[in-house]
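Visitor: Below is the structure I would like to discuss, written out as structure tokens.
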Amino acid sequence: MDLSATKSALQKEGLERLTQYTDVLLQPAIQLEATPVTDAGAEAKLELGISKIGGVPDLPPGQKWPEWNGLPQSFVAQIRLSDVTAADANHWLPQQGMLWFFYDAKQETYGDDPKNAGGWQVFYSADTQHLERATVPDKLPKEARFKACTVKLKSDLTMAQQPQLEVTQLKWSDTDQEHYDTVYGQFNDAKDKTQPRHLMFGHPDTLQDDMRLQCQMMTNGVTDIEDPKVKALSKDANDWHLLLQVDSDERTGMNWPGSGMLYYWIKLADLKAQKFDHIWLVSQSA
């Protein structure tokens, strides 16, 4: 569904008052269409520095493979930012350079404890001229090594699942949510649900609770939702934006906890400042 069709669907469900908020409820995203590489020999022939999910990263000279609790982390993805430019509707990312994403090889890091910090890594480099294909550490478990997929990036549009979290002081009832869920289902009907859903930016495909307050709490050392600090922290929860969503994908051997998804979150100010060292990761199960 496009913007016009979504507005019509909202009106049909008696939610006309939401049509003025479609710029918030509908957010541009970048879909990552993954195509598995046939075999290890074909992966070895891939061009250095291309966007890919899984496989072996192409790292800048001197960049160490990240570790967590004594084990190398799993390599999840690398994104060549020149591939993203055409689809980056908000122009949030640098036009050149590369991002690399890693995650706890044991998959025991869920982003639900401040002590989880360090259980994932995101690197950024503006220089992609001197990349070298890394050597996979011997200590990385075989089940934590994923098959490579080349990636095609294209523009997408995503819809919020809970409008009351996007629109301040929106009066909202369970009945309203039921009608909204009808529109949300229609919005997503055209999407291919047989393929893994990898995404940059936009509204994530949330499997459990909204994650932004969780990011805000964890990065401020707060674990209890009843903590008095939560009220103040919640005011800035929507400063967090999805940077990358990676779905479970049997083709690559990626099976995140509970056959779920990984979500890498970043504050908009850090994104605009090209600071990728304060990412918070959340793992949700299906």
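Under my numbering, the first residue of the sequence shown carries the number 735, and numbering increases by one thereafter. A virtual CB, placed ideally from N, CA and C, is assigned to each residue, including glycine.
1. So which of P897, D861, K963 and N850 has the shortest CA-CA distance to D944?
2. Among residues of its own chain, excluding the 5 on either side of Q863, which ones have a beta-carbon nearer than 7 Å to its beta-carbon?
3. How would you call E984, buried or exposed, if buried means at least 16 neighbouring beta carbons within 10 angstroms?
4. DSSP state of A1020, grouped into three classes?
5. By the three-class DSSP mapping on this structure, what secondary structure does P762 have?
6. Does the distance between the C-beta of R751 and the nearest non-hydrogen atom of the ligand COA fall short of 8 Å?
7. To which residues of the same chain is F835 closer than 7 Å at the C-beta, ignoring the five residues directly before and after it?
8. Between H913, A868 and P800, which lies nearest to V790 when the distance is taken from Cα to Cα?
9. Taking all protein chains shown into account, decide if S982 is buried (16 or more other Cβ within 10 angstroms of its Cβ) or exposed.
10. Just to confirm the assignment, what range does the alpha helix (DSSP H) spanning T916 have?
11. Here's the rule I'm using: 16 or more other beta-carbon atoms within 10 Å means buried, otherwise exposed. How should S785 be labelled?
12. Indicate the three-state DSSP secondary structure (helix, strand or coil) for Y997 in the structure shown.
13. Give me the residue from S1019, W799 and W990 with the minimum Cα distance to G852.
14. Kindly indicate which residue of F935, A882, Q950 and D817 has the alpha-carbon position closest to the one of K779.
15. Shortest alpha-carbon distance to A763 belongs to which of G936, D970, R946 and D736?
16. Among the residues of its own chain, which have a CB less than 7 Å from the CB of Q920, if the five just before and after it don't count?
17. With three or more beta-carbon pairs closer than 8 Å as the criterion, would you say the region 816 to 825 touches the region 897 to 914?
18. Alpha carbon to alpha carbon, how far is K873 from L760? Give it in angstroms, no decimals.
19. For D757, which three-state DSSP category applies?
20. Between G796 and W802, what straight-line distance do the alpha-carbon atoms span, to the nearest angstrom?
21. Leaving out five residues before and five after T819 in sequence, what residues of the same chain have Cβ atoms less than 7 Å from its Cβ?
Guide: Considering the structure as presented:
1. Looking at the Cα atoms, P897 is the closest of the given residues.
2. Answer for Q863: no residue qualifies.
3. Classification for E984: exposed.
4. If DSSP states are grouped into helix, strand and coil, A1020 belongs with coil.
5. In the three-state reduction of the DSSP assignment, P762 falls in the strand class, which pools E and B.
6. Summarising the ligand content, the structure contains no ligands, and the ligand COA is consequently not present.
7. Taken in chain order, the residues that qualify are V810, A811, V856, L978 and Y998.
8. Residue A868 holds the alpha-carbon nearest to the alpha-carbon of V790 among H913, A868 and P800.
9. Under this definition S982 is a buried residue.
10. D908 to N922 is the extent of the alpha helix (DSSP H) around T916.
11. So S785 counts as buried.
12. Strand at Y997.
13. For G852, the nearest C-alpha among the options comes from W799.
14. Of all alpha-carbon atoms in F935, A882, Q950 and D817, the one lying nearest the alpha-carbon of K779 is that of A882.
15. Of the candidates G936, D970, R946 and D736, the one whose C-alpha sits nearest the C-alpha of A763 is G936.
16. Around Q920: M735 and A743.
17. Flag = no, the region 816 to 825 and the region 897 to 914 do not touch.
18. Cα-Cα distance, rounded: 43 Å.
19. Under the three-state reduction of DSSP output, D757 falls in the helix class.
20. In this structure, the straight-line span from the alpha carbon of G796 to that of W802 is close to 19 Å.
21. Hits under 7 Å: Q829.
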